[in-house]
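S.K.: Next up is a structure, given as structure tokens.
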Amino acid sequence: MSKDDKDKVQIIDKDLDLSNAGRGVWLVKVPKYIAQKWEKAPSNMDVGKLRISKTPGQKAQVSLSLTPAVLALDPDEKIPTEHVLDVSQVTKQTLGVFSHMAPEAAANIGKENSTAPGATPDNEKLYMEGRIVQKLECRPIADTCYMKLKLDSIRKASEPQRRVQPIDKIVQNFKPVKDHAHNIEYRERKKAEGKKARDDKNSVMDMLFHAFEKHQYYNIKDLVKITNQPISYLKEILKDVCDYNMKNPHKNMWELKKEYRHYKTEEKKDEEEHKSGSSDSE
79 MSKDDKDKVQ
89 IIDKDLDLSN
99 AGRGVWLVKV
109 PKYIAQKWEK
119 APSNMDVGKL
129 RISKTPGQKA
139 QVSLSLTPAV
149 LALDPDEKIP
159 TEHVLDVSQV
169 TKQTLGVFSH
179 MAPEAAANIG
189 KENSTAPGAT
199 PDNEKLYMEG
209 RIVQKLECRP
219 IADTCYMKLK
229 LDSIRKASEP
239 QRRVQPIDKI
249 VQNFKPVKDH
259 AHNIEYRERK
269 KAEGKKARDD
279 KNSVMDMLFH
289 AFEKHQYYNI
299 KDLVKITNQP
309 ISYLKEILKD
319 VCDYNMKNPH
329 KNMWELKKEY
339 RHYKTEEKKD
349 EEEHKSGSSD
359 SE
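Take any residue in the sequence shown, count from 1 to its spot, add 78: that is its number in the working numbering.
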């Protein structure tokens, strides 16, 4: 981030209402089917009853019962109504519950309103609703209703997401492609290059001799590119004028036969032999 971008960033200070910071709250984890019911319930509806039974010398027993009004939101869906809450203490951790509210909404519930109406999210008020002192996990009682609910969920999870559907008419979305673009491009390129036609043997040999004047050894792929001849036809000519090396350091390479070679090193040898022969005769 550049200096100009940092200057453009607007930092907004917001006041945090800590009037309820000393209040202890519970963090409760409920099953998904309960959360879905509570999301459908209106704000003024009683969604459940909490019972706390204390026995001297034992941990308190906490239970939750859903109200008939919540169950009536979707009568066809049968869910367990009785639940047990497993309590655990919050240790080595500090957790809090926070909320945010627009100033005009806060004024309606008795909060101070020091901002003009028409507030934007930038000037919402922040509240600390309390500090989490206990964690509770809502666990349904394993009755017949719960077992049926779990069985239905297992069946739904095992159903495949994709199924084979018979098609009674042509559907363009599933119609296979007759020919792919890369195949068409390859065939057109091969047509443009044309087929490799056999040239006259003498002209092919001239091309080979000209190539071997530059380098002493060639592999078959390079010779095919140089002469542009079919590989089978080219090998027939190479067998007449070249030797195929089977050993290193030039394994799998073609070289002109001795009678066709004409290298500078051999010219020097011939000259030296000729000079030595003439000196002996003198």
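Even glycine gets a Cβ: it sits at the ideal position worked out from N, Cα and C. Here the structure is a predicted model, which is why all the values come from computation and not from measurement.
Rounded to the nearest angstrom, what separates Gly208 and Pro158 at their Cα positions?
M.R.: For the purposes of this step, residue 208 is identified with residue 130 of the sequence shown, where counting begins at 1. For the purposes of this step, residue 158 is identified with residue 80 of the sequence shown, where counting begins at 1. Looking at the two C-alpha atoms, the distance is approximately 30 Å.
S.K.: By Cβ distance below 6 Å, which residues in the same chain neighbour Leu144 in space, the five residues on each side in sequence not counted?
M.R.: One-based indexing of the sequence shown puts residue 144 at position 66. Cβ within range, chain order: Gly126 and Thr159.
S.K.: Identify whether Asn191 lies in helix, strand or coil by the three-state DSSP scheme.
M.R.: The count along the sequence shown starts at 1 and reaches residue 191 at position 113. Confidence at Asn191 is low in this model, with a pLDDT of 40, below 50, so the placement of that residue should be treated as unreliable; the coordinate-derived value is given next. Of the three classes helix, strand and coil, the one that applies to Asn191 here is coil, per DSSP.
S.K.: Determine the DSSP secondary structure at Arg339, reduced to helix, strand or coil.
M.R.: Indexing the sequence shown from 1 puts residue 339 at position 261. Coil.
S.K.: Let's see if you can read the secondary structure: which residues bound the beta strand (DSSP E) around His178?
M.R.: Counting from one through the sequence shown, the residue named residue 178 turns up at place 100. Gly174 to Met179 is the extent of the beta strand (DSSP E) around His178.
S.K.: Tell me whether Gln167 is buried or exposed, calling it buried when 16 or more other Cβ atoms sit within 10 Å of its Cβ.
M.R.: As a first step, residue 167 is located in the sequence shown; it is residue number 89 there, counting from the start. The residue in question, Gln167, is exposed, as its Cβ has fewer than 16 Cβ neighbours within 10 Å.
S.K.: Suppose only complete runs of 3+ residues qualify. What are the beta strand (DSSP E) ranges in the stretch 108-151, listed by chain order?
M.R.: Within the stretch 108-151, the complete beta strand (DSSP E) runs of at least 3 residues are 126-131 and 139-144.
S.K.: In chain order, what residues of the same chain lie with their CB nearer than 6 Å to the CB of Tyr338, ignoring the 5 residues before and after it?
M.R.: If you number the sequence shown from 1, residue 338 lands on position 260. Cβ within range, chain order: Val319.
S.K.: Alpha carbon to alpha carbon, what distance is there between Lys268 and Ile262?
M.R.: On the sequence shown, position 184 is the one that residue 262 refers to. On the sequence shown, position 190 is the one that residue 268 refers to. Approximately 10 Å, taken between the alpha carbons.
S.K.: Which whole-angstrom value describes the C-beta separation of Val165 and Lys132, a residue pair presumed to lie in contact below a C-beta threshold of 8 Å?
M.R.: For this step, residue 165 is matched to residue 87 along the sequence shown. For this step, residue 132 is matched to residue 54 along the sequence shown. No, Val165 and Lys132 are not in contact; Cβ-Cβ is about 12 Å, not under 8 Å.
S.K.: For a quick check, are the C-beta atoms of Leu149 and Ala119 less than 8 Å apart?
M.R.: Position 71 of the sequence shown, counting from 1, holds the residue named residue 149. Position 41 of the sequence shown, counting from 1, holds the residue named residue 119. No.
S.K.: Looking at Tyr205 and Asp95, is the spacing between their C-beta atoms short of 8 Å?
M.R.: On the sequence shown, residue 95 is found 17 positions in, with the first residue counted as 1. On the sequence shown, residue 205 is found 127 positions in, with the first residue counted as 1. Their beta carbons are under 8 Å apart, which means Asp95 touches Tyr205 by this criterion.
S.K.: Taking DSSP as the reference, what is the three-state secondary structure of Asp284?
M.R.: For this step, residue 284 is matched to residue 206 along the sequence shown. It is helical.
S.K.: What are the boundary residues of the beta strand (DSSP E) that includes Leu204?
M.R.: As a working mapping, residue 204 is identified with position 126 in the sequence shown. Run containing Leu204: Lys203 to Pro218, per the beta strand (DSSP E) assignment.
S.K.: Would you say Leu214 and Val140 are within 8 Å of each other, going by their C-beta atoms?
M.R.: Along the sequence shown, one-based indexing puts residue 214 at 136. Along the sequence shown, one-based indexing puts residue 140 at 62. In contact: Leu214 and Val140 (Cβ atoms closer than 8 Å).
S.K.: So Pro166 is in the beta strand (DSSP E); what residue range does that whole segment cover?
M.R.: On the sequence shown, residue 166 is found 88 positions in, with the first residue counted as 1. Position check: residue 166 holds Ser in this sequence, whereas Pro was assumed. Glu160 to Gln167 is the span of the beta strand (DSSP E), which, as asked, contains Ser166.
S.K.: Could you give the residue range of the alpha helix (DSSP H) that holds Asp230?
M.R.: Along the sequence shown, one-based indexing puts residue 230 at 152. Here the alpha helix (DSSP H) through Asp230 covers Thr222 to Ser236.
S.K.: Comparing C-alpha positions only, which one of Ile210, Asn323 and Asp278 sits nearest to Tyr296?
M.R.: If you number the sequence shown from 1, residue 296 lands on position 218. Answer by Cα proximity: Asn323.
S.K.: Going by the DSSP bridge assignment, what does Leu312 pair with across the sheet?
M.R.: If you number the sequence shown from 1, residue 312 lands on position 234. Bridge partners of Leu312: none, in fact.
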